[in-house]
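Counting from 12, one number per residue, gives the positions in the sequence shown under the working numbering.
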Amino acid sequence: MGSLPQLTQSSNPSLTASRLRRLLEDAVEGVPADGILLSGGLDTSILSAISGKQARRLRAVSVAVAGVVNPDEPFVKNVAESCGFELRVLRPTLSDLVSMMPALIRVLRGFDPMELRNSVVTWLGLTAARECGIRVILTGDAADELFAGYGYITSLSREQLRPYLDFLNSVMRFSSQVMAPAVGIEARLPYLDPAVREFALTLSYDDLIVERDEQVFGKKALRDAFADLLPEEIIWRVKTPIEYGSGSHRLQDFVIASVPDDEFDAARLQVQQQEGVSLRDKEHYFYYRIYRTIFPIPREQQGGAKRCKTCCGAVGRPEQRYCFTCGAYPC
């Protein structure tokens, strides 16, 4: 009589979901958190639901830019209320966010517009959390990278998905881990708990990708694991980048409008010729201008395994495709 086939995660979705749930519950329980950065997306909603189930009454902090449509806000209020959390919604203006950029650029050591538009929301949330006495705060970082949450990842083939996620796992980094100590607060990332991370890296295409209502979703195992703890509209919420959910994406037009055409045209040429940096647009130039009041030109950075083709800055690893300094991809 032959041996039975080995059970894999994808052959038993309920077992996968059950195991993942236990691991995440243990990861959250092991963190002495008293706050959470809440976006109302799947990842932070799961952490909130787990905390609520464990009778932990966290203080939730969220950001909704004033005068801008904020898709996240209704979900944030729903989750906070259902978990019994005290909620503080911050409503900065676009000018407020711009005023934070020098401090943020100093900490992140880069001038990538997309990174800054996203990170300034977290920066404000962390700063406000510290000011109201929160000492340890949960974030939802790493769920998208480990469980195929980004839209472009769900378009990968079966053959491409696992190798790409393994690569992403080897190079991913999160600005919250740099920003939190800079503002005097401890950020904890339960999705990066070693047991959760190790388990995530064993999951197959069928554990991660699912089609529903003619739309392809990632993070299937996460959605399955917590379907009974969260309302369906959150479980099946489409991924919304933080800059769109909070409204900070409007920074792009706001900043561009502040730069005259002739100034940009002259500066773009000068910076390219004298400093070896290619600036994509006015927004890129706006942040680079701040960067240069703090740091020397990127090509003077020490170390790195290679140099970025766009800014000549140091790139840490040979296989790294994204430049943390200027945001170039591929670099």
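In this text, a Cβ means the ideal position worked out from N, Cα and C, and glycines have one as well.
Cβ-based burial, residue i [other Cβ within 10 Å; buried from 16]
i	result
Y299	buried
Y340	exposed
C143	exposed
T55	buried
V288	buried
Y302	buried
S110	exposed
Q20	Bear in mind that the predicted position of Q20 carries a pLDDT of just 44, short of 50, making it unreliable; the figure below should be weighed with that in mind. It counts as buried.
S259	buried
R68	exposed
V227	exposed
T165	buried
S257	buried
P329	exposed
R169	exposed
Supposed close pair residue i, residue j - CB separation, criterion 8 Å
i	j	result
Y255	P82	7 Å
T133	M190	6 Å
A238	I245	Going by Cβ atoms, the distance from A238 to I245 rounds to 10 Å, so no, they are not a contact pair.
G136	L48	5 Å
Q263	E294	5 Å
C322	Y333	With a Cβ gap of about 12 Å, C322 and Y333 do not count as contacting.
Q65	E40	6 Å
D204	A38	4 Å
L31	A159	Their Cβ separation, rounded to whole angstroms, is 13 Å, which puts L31 and A159 out of contact at 8 Å.
A28	A236	4 Å
F210	L34	6 Å
Close-in-space but distant-in-sequence residues of the same chain around residue i (CB under 6 Å, 5 per side omitted)
i	result
C94	S59, G63
V100	S73, A75
M12	With a pLDDT of 34 at M12, under the threshold of 50, the predicted position of this residue should be treated as unreliable, and no value is reported.
Q6	An answer regarding residue 6 cannot be provided, because it is not within the stretch 12 to 342 covered by the chain.
L98	A71, A91
G46	L69, R70, A140, I145, I148
Cut-off 7 Å between Cβ atoms - residues of its own chain near residue i, not counting five sequence neighbours on either side
i	result
P252	N129
D107	none
Which listed residue (the options) has its alpha carbon closest to that of residue i
i	options	result
L290	L48, V207, G338, V90	G338
L167	H260, I220, R261	I220
T392	L115, E84, R328, G258	Any question about residue 392 goes unanswered here, given that the chain covers just 12 to 342.
R162	I196, K230, E274	What sits at residue 162 in the sequence shown is Gly, not Arg. If we check each option's Cα against that of G162, K230 comes out closest.
I61	F122, L149, A140	L149
S215	N23, R120, R173	R173
S186	I164, P113, E126	E126
V152	P309, R208, D218	It is worth fixing the name first, because residue 152 is Asp in this sequence and not Val. Closest by alpha carbon: R208.
V249	A268, V266, G52	G52
F297	N23, A38, F122, P43	F122
L241	S269, L34, I57, D224	I57
N89	S50, R102, P307, R328	S50
G195	T138, Q171, F158	T138
G78	F96, T104, V87, F86	T104
R117	F306, Q313, A159, A28	F306
L179	E274, A154, R199, L200	A154
P113	V131, V42, F96	V131
Cutoff 8 Å; reference residue i; Cβ partners in own chain excluding five residues on either side
i	result
E197	R146, V147, I148, A191
G315	G324, A325, V326, G327
Within the stretch 177-262, ranges of the beta strand (DSSP E) (whole runs, at least 3 residues): The qualifying runs are 197-199, 221-223, 226-228.
Those runs of the beta strand (DSSP E) which lie wholly inside the stretch 103-178 and span at least 3 residues: Along the stretch 103-178, the beta strand (DSSP E) occurs as fully enclosed runs of 3 or more residues at 147-149, listed in sequence order.
List in chain order: all unbroken beta strand (DSSP E) runs of 3+ residues lying wholly within the stretch 29-99. Secondary structure remark: continuous beta strand (DSSP E) runs of at least 3 residues inside the stretch 29-99, in chain order: 46-48, 70-74.
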